[in-house]
Structures are given as structure tokens and as C-alpha cells.
Amino acid sequence: MAHPHRSPEELLAVDGQRFESFVAALRLLQLSHESWKLLSGRVQAKLDDQEVARFADALRVRPVIQVIATNVGPDVAAAPNDKAGNLAKQVPVCIGARLMLTCNLWQQVGLCNGACGTVYDIVWSPGADPIRDQLCVIMMEFDKYTGPAFLTTADGRKIVPILPVDRDFLVGATLCARTQFPLISITEDRIVTDLSCRDFQTGLSYVAVSRVKALQGLMLDAPVRPQSSDIHIPPGRYQDEDEGPKA
1 MAHPHRSPEE LLAVDGQRFE SFVAALRLLQ LSHESWKLLS GRVQAKLDDQ EVARFADALR
61 VRPVIQVIAT NVGPDVAAAP NDKAGNLAKQ VPVCIGARLM LTCNLWQQVG LCNGACGTVY
121 DIVWSPGADP IRDQLCVIMM EFDKYTGPAF LTTADGRKIV PILPVDRDFL VGATLCARTQ
181 FPLISITEDR IVTDLSCRDF QTGLSYVAVS RVKALQGLML DAPVRPQSSD IHIPPGRYQD
241 EDEGPKA
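Start counting the sequence shown at 1; every next residue gets the next number (the UniProt record's numbering).
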């Protein structure tokens, strides 16, 4: 609730602290009633038309797969990105996701560390099981790529393949290795997502929401109900989730 004596800057700071606490709780899939109300307040049906219009061009975050790195060596699975050749322990991927390159592949044409792009397609090896087996290629359209295209879409977009890379590094005095796509997720100003169904694997609700910078940048397609989500919410009354839009 807004405090009448707080400045807009103070209110934003309070909202930021609440959002950080909420995201931390969501990472564990454990929400308090207060956090649940915070999340429920971002359902599209509760937002006014002007607020909904802000999300017209927002990124739509849908259920994704987690690409888990292949690690060789003791304790290497816990090694952070910056200690493992800028390769992430896991990368959430779906068609349409915005990702950033974490190494220099071909600097002259724009495939360099920090280059941003959009996932066009994800590919498994022939005969692979998409449930159990890792991807072999992520097809990307990079924003500022100027080189030759692996394929060109009907509307002229240049698509290039990104393959997993290997990195050797030391954990203490032990030589270790990690294999992973040299990509990480990008934080967005605004996203639209749906956390109401179990299509989101355990932990992916956190992945989706953590892609946004602030609570005001999040809009939900549908309410989060305890019985239809992997998020644990303490027993209680949830009748306000069906309220109409705010004035």
C-alpha cells in the first residue's frame, strides 16, 4: 500500500526490495501470502488498459527447456560462469528467446562476446530423444550479424547455427572441463508469461520471472492458483484472484 508521505523514488525502492524478496522465494518455489498477492497483482485482468498497452511489444516467455552443461572433474558442476570459460551451468532455451553470446566466434561479422539475438529453432541429433538428450544446435538470428547466412528466411532474416563449445579450467589444482552453448539469457524491461500450468518445470517459474528487472515489467496471462502450479503457497483464501480489472 502506498504511503502518503513517501516520495516516488522511495516507493520505487520499496517495490524493488519487495520484488527481490519475491524472486528469491520463487527460486525455492515457496511463496508467502504477501508474495502471492504481489504476483497476483500483475495478472492482465487486474491491470488497467494503459498498463496492459505497455506490454504490446514485450517479450513473451513460454515454457522452456534447460540445457544443462556437461562437466568433467570434481565439483565442476558448481563452478560459476566466470570460472568456467564464461559457460553457464544451465541455459533456458525456447524458440523466440532472447540470448546473448558469451565468447568471440567471428568478431568481424558481429558474432562476438555480448552480441544479442533471438532463437529461431532448436535442433537435436537424428534419432535423439528430446526429453533425455541434449540439443546439438541452437539456430539464432543475431541483431547485428553481417556475415553469410546458414539459411535465410522468407522475410530476409539471416539464421546461423551456434554449437556447444568446450572449455578447460582449473578448480584448485585439478584440470576440469565444461561443454555448453556459449549463450546466456538476457534481462528484459518487460515480459509477459503464464505460470498457471505445470508446463513450467520445477524452477522454471523462477527462470521466467528473473528475466525481468522490476515488478512493473511483469504481466501474467492468468492467475497463479495453488492447485495448478508447482509453486507452493500456504493454505488460505484466494478469492481475490478472480477480481475484475482495477480502475
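Even glycine gets a Cβ: it sits at the ideal position worked out from N, Cα and C.
What's the gap between the Cα of residue i and the Cα of residue j?
i: R18; j: K37; result: 12 Å
i: V209; j: Q44; result: 15 Å
i: W106; j: R54; result: 36 Å
i: G85; j: D168; result: 7 Å
i: I122; j: I191; result: 21 Å
i: G73; j: S32; result: 39 Å
i: F23; j: L47; result: This sequence places Val at residue 23; Phe is not what is there. Cα-Cα distance, rounded: 21 Å.
i: residue 298; j: Q134; result: It is not possible to answer for residue 298, since the shown part of the chain is limited to 1 through 247.
i: L170; j: G114; result: 24 Å
i: Y120; j: G127; result: 21 Å
If you check the beta carbons only, do residue i and residue j fall under 8 Å apart?
i: I159; j: V93; result: no
i: R60; j: G96; result: yes
i: I184; j: V91; result: yes
i: M100; j: T118; result: no
i: G109; j: T146; result: Note on identity: in this sequence residue 109 is Val, with Gly being the wrong assignment. Yes, the pair counts as a contact, with Cβ atoms nearer than the cut-off.
i: Q180; j: A79; result: no
i: P182; j: T102; result: yes
i: F142; j: L111; result: yes
i: G172; j: D189; result: no
i: C116; j: I186; result: yes
i: L220; j: T193; result: yes
Which of the three DSSP states, helix, strand or coil, is assigned to residue i?
i: G217; result: helix
i: D242; result: With a pLDDT of 42 at D242, under the threshold of 50, the modelled position of that residue is not reliable, and no figure is offered here.
i: D82; result: helix
i: K158; result: strand
i: A77; result: helix
i: A222; result: coil
i: F200; result: For F200, the pLDDT reaches just 44, beneath the cut-off of 50, and the residue's location in the model is therefore unreliable, leaving the point undetermined.
What does residue i pair with, by DSSP beta-bridge criteria?
i: Q180; result: V165
i: P92; result: Q66
i: I138; result: I122, I162
i: C112; result: Paired residues: none, contrary to the question.
i: I191; result: L59, L218
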